[in-house]
Amino acid sequence: MEVHSGEIKKNNGKCGFIKQDSGEADLFVLPTQCGAFGRQIPAIGTRVQYSIGTDEQKGQPLAEQVQPEQSLEDLLATVPGFSAAAAASGNGQATTATDGRCVGVVKENRGKHGFIAQDSGEPDMFVLPFSCQAFGGACPPVGTRVIYDVVPDSKTGRPRAENVQPERAILDHGHAQAVLQSGQIRTSNSKSGFIQQDSGEENLFVLPTSCVGFGLQIPPFGTRVQYTVGVDPMKGKPCAENVQPEQVAAADMQSLSWQPRFSGEIKKNNGKCGFIRQDSGEADLFVLPTQCPAFGRMIPPIGTRVQYSIGADKKKGEPLAEDVQPEQFFQHSPVVQVRVPTLPTPT
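Residue numbers (this note's numbering): 2 to 348.
Right under this line is the structure:
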């Protein structure tokens, strides 16, 4: 996450503008992004540091995580526990988790450095961006739960966090493995969207290219999804990756296991109905939105690879696709190709 600097140029209480040192256009700012100032826009002329995000409603750039501009030396001098004596005695280190590492939550992020509130209750732990490679080499956002090691800084001898990882990462022989999260689509347009996370954490940014289970399109509002959390390489902020429809419960999987599954791709989609081109070579199969719960009860885009079972249309007696899922959903289960006999025309 790139940190910018400037000074407050305008402040009307409800919003304001920052005059940027870069010479770029004045940057819009809201009180909610000024947590370090009591969620109030600081006085005109105040020097600040900030990152740049995007206004969800207008799509315009705005300042985020606005902090007072402060030198590293001044900051360290004011932090309890960051003394030569504490460093020498080992004070300031957190008690360790069961895997030998420390745990806590990011308390401050000032771009060039930050602090972790330690679960042990000991003094906040200093952290630098280069120790946060799991977050793209940027200090993670305030509120992020993390696991880390504590090492003495080579220059100051004071303790600092090292090898900072998201707490959701499960350590397996020293290697981090992504953990599946769940939530539902909160906002969605053709270019980006946000997931409301079941964890209660802030809404998570998502791009169409990460929606592999939805034909590289962001699913409709309200769709239940599962995903892993990565880092946006451009902004250094968390983003959803490998977005898939939320998997059915184990009991439901057992009920599906006996049903023959077929594979193909969406050939036609007019919104109200569509057709699947079947890998078996048989006639294109009719499909309705109600049979596509994994896609938010919408027929997925043309070209999307799917798996499905075959039932009969109650009104016409003709074959139709049921329980349509993205092909990746059953990638670990064998697909049984079975020829379905022609259904008799009802009399």
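Ideal placement from N, C-alpha and C gives every residue a C-beta, glycine not left out.
Here the structure is a predicted model, which is why all the values come from computation and not from measurement.
query: With 16 as the cutoff for other CB atoms within 10 Å, does L181 come out buried or exposed?
result: Residue 181 sits at position 180 when you count from the first residue of the sequence shown. Looking at its Cβ environment, which holds fewer than 16 other Cβ atoms inside 10 Å, L181 is exposed.
field: Simplified DSSP assignment, three categories, for L76
entry: On the sequence shown, position 75 is the one that residue 76 refers to. Below a pLDDT of 50, predicted positions are generally treated as unreliable, and L76, at 43, falls in that range; no measurement from the model is reported.
query: Can you round the beta-carbon distance between F276 and V288 to whole angstroms, since I take them to be within the 8 angstroms contact cut?
result: Taking the sequence shown and counting its residues from 1, the one referred to as residue 276 is at position 275. Taking the sequence shown and counting its residues from 1, the one referred to as residue 288 is at position 287. Correct: roughly 7 angstroms between the Cβ atoms.
field: Opposing strand residues paired with Q66 [DSSP bridges]
entry: Position 65 of the sequence shown, counting from 1, holds the residue named residue 66. According to DSSP, Q66 bridges with nothing at all.
task: Specify, as a first and last residue, the run of the beta strand (DSSP E) that T1 falls within.
output: Outside the modelled stretch of the chain, which goes from 2 to 348, sits residue 1, for which no answer is possible.
- request: Please work out which residues of its chain come closer than 7 angstroms, Cβ to Cβ, to T210, disregarding the five sequence neighbours upstream and downstream, and give them in chain order.
  value: Locating residue 210 in the sequence shown gives position 209, counting from the first residue. Residues of the same chain with a CB within less than 7 angstroms of the CB of T210, apart from the 5 flanking positions on each side, are L217 in chain order.
field: Contact check, I9 vs A44, beta carbons under 8 angstroms
entry: Here residue 9 refers to the residue found at position 8 of the sequence shown. Here residue 44 refers to the residue found at position 43 of the sequence shown. Going by C-beta atoms, I9 is nearer than 8 angstroms to A44.
field: Paired residues, beta bridge with L205 - DSSP
entry: Position 204 of the sequence shown holds residue 205. The partner list for L205 (beta bridge, DSSP) reads I196.
task: Work out the CA separation of N243 and Q308 for me, nearest whole Å.
output: Along the sequence shown, read from residue 1 onward, the residue named residue 308 stands at position 307. Along the sequence shown, read from residue 1 onward, the residue named residue 243 stands at position 242. C-alpha separation (whole angstroms): 18 angstroms.
Range of the contiguous beta strand (DSSP E) that encloses D150: Position 149 of the sequence shown, counted from the first residue, corresponds to residue 150. Looking at the DSSP string, the run of the beta strand (DSSP E) that includes D150 is R146 to P153.
field: Proximal residues to Q41 (C-beta, below 7 angstroms), its chain only, five neighbours per side dropped
entry: Numbered from 1 along the sequence shown, position 40 holds the residue referred to as residue 41. Taken in chain order, the residues that qualify are P32 and C35.
query: Any idea what DSSP makes of T33, helix, strand or coil?
result: Residue mapping note: residue 33 aligns to position 32 of the sequence shown, counting from 1. Three-state result, T33: helix.
query: With burial defined as no fewer than 16 other Cβ atoms inside 10 Å of the residue's Cβ, what is the status of A26: buried or exposed?
result: Residue 26 sits at position 25 when you count from the first residue of the sequence shown. Exposed, since its Cβ has fewer than 16 Cβ neighbours within 10 Å.
message: Please list the terminal residues of the continuous beta strand (DSSP E) segment that includes P239.
response: For the purposes of this step, residue 239 is taken as residue 238 along the sequence shown, with counting starting at 1. Run containing P239: P239 to P246, per the beta strand (DSSP E) assignment.
- prompt: What is the rounded straight-line gap between the Cα of S264 and the Cα of V104?
  reply: Looking up residue 264 in the sequence shown gives position 263. Looking up residue 104 in the sequence shown gives position 103. Between S264 and V104, the C-alpha separation is close to 45 angstroms.
query: Sorted by chain position, which residues of the same chain lie with C-beta nearer than 6 angstroms to D120's C-beta, five sequence neighbours on each side aside?
result: On the sequence shown, residue 120 is found 119 positions in, with the first residue counted as 1. Counting only Cβ-Cβ distances below 6 angstroms, and skipping sequence neighbours, we find V104 and G105.
task: Select from R146, A118, Q166 and V143 the residue whose C-alpha is nearest the C-alpha of F131.
output: By one-based count along the sequence shown, residue 131 stands at place 130. Closest in C-alpha terms to F131, from the list R146, A118, Q166 and V143, comes Q166.
field: Pairwise C-alpha distance: G312 and N190
entry: The residue given as residue 190 occupies position 189 in the sequence shown. The residue given as residue 312 occupies position 311 in the sequence shown. Each residue's Cα considered, the two are about 33 angstroms apart.
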